[in-house]
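**Q** Below is a structure I'd like to ask you about.
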Amino acid sequence: MTKLSAIRNNHLSLTCWCGHHALVPIEAFIKAFGGDASVHQVVKQARCTWCQCKILARVQIVFVGKSDFAMRGADNTHIESGGIKTDKNRED
Ligand SMILES: [Zn+2]
Numbered sequence: 006m007t008k009l010s011a012i013r014n015n016h017l018s019l020t021c022w023c024g025h026h027a028l029v030p031i032e033a034f035i036k037a038f039g040g041d042a043s044v045h046q047v048v049k050q051a052r053c054t055w056c057q058c059k060i061l062a063r064v065q066i067v068f069v070g071k072s073d074f075a076m077r078g079a080d081n082t083h084i085e086s087g088g089i090k091t092d093k094n095r096e097d
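Here it is in structure tokens:
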């Protein structure tokens, strides 16, 4: 289980069955539940502010800007002499 403290620079994307969607910073959940709480624990407690339903249709951890971990996963570009150069396989 993913602890909130391990993903504190990110957001949780919560989508309810009613269609309501919220993008909530992890820091907000850490303030409410503490850093040792897991994403699973938070999701079980989450309630839609639109319809008050506790059953969520979809939950995603969203990596936002300045997340070093997320940027490493997307490391397929190289910056050279002020420009952006893509992988050699993608050059024409
Ligand atoms: Zn709802």
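For our numbering, add 5 to where a residue sits in the sequence shown, where the first one is 1.
Glycine residues also receive a C-beta, built at the ideal position from the N, C-alpha and C atoms.
Locate the beta strand (DSSP E) running through Q65, then write down its first and last residues.
**A** L61 to V67
**Q** How close, in whole Å, do the beta carbons of S18 and V47 come, if the pair is a contact with beta carbons under 8 Å?
**A** Cβ atoms of S18 and V47 stay farther apart than 8 Å, at about 13 Å.
**Q** By a C-beta neighbour count over all protein chains shown, 10 Å radius and 16 as the cutoff for buried, is T91 buried or exposed?
**A** Reliability fails at T91, whose pLDDT of 49 lies under 50, so the model's placement of it is uncertain and the value that follows must be treated cautiously. The residue in question, T91, is exposed, as its Cβ has fewer than 16 Cβ neighbours within 10 Å.
**Q** State yes or no: is the C-beta of L9 within less than 8 Å of the C-beta of A51?
**A** Against a cut-off of 8 Å, the Cβ pair of A51 and L9 comes out as no contact.
**Q** Give me the DSSP bridge partner(s) of V29.
**A** In the DSSP assignment, the residues bridged to V29 are L17.
**Q** Are the CB atoms of N15 and I35 within a distance shorter than 8 Å?
**A** no
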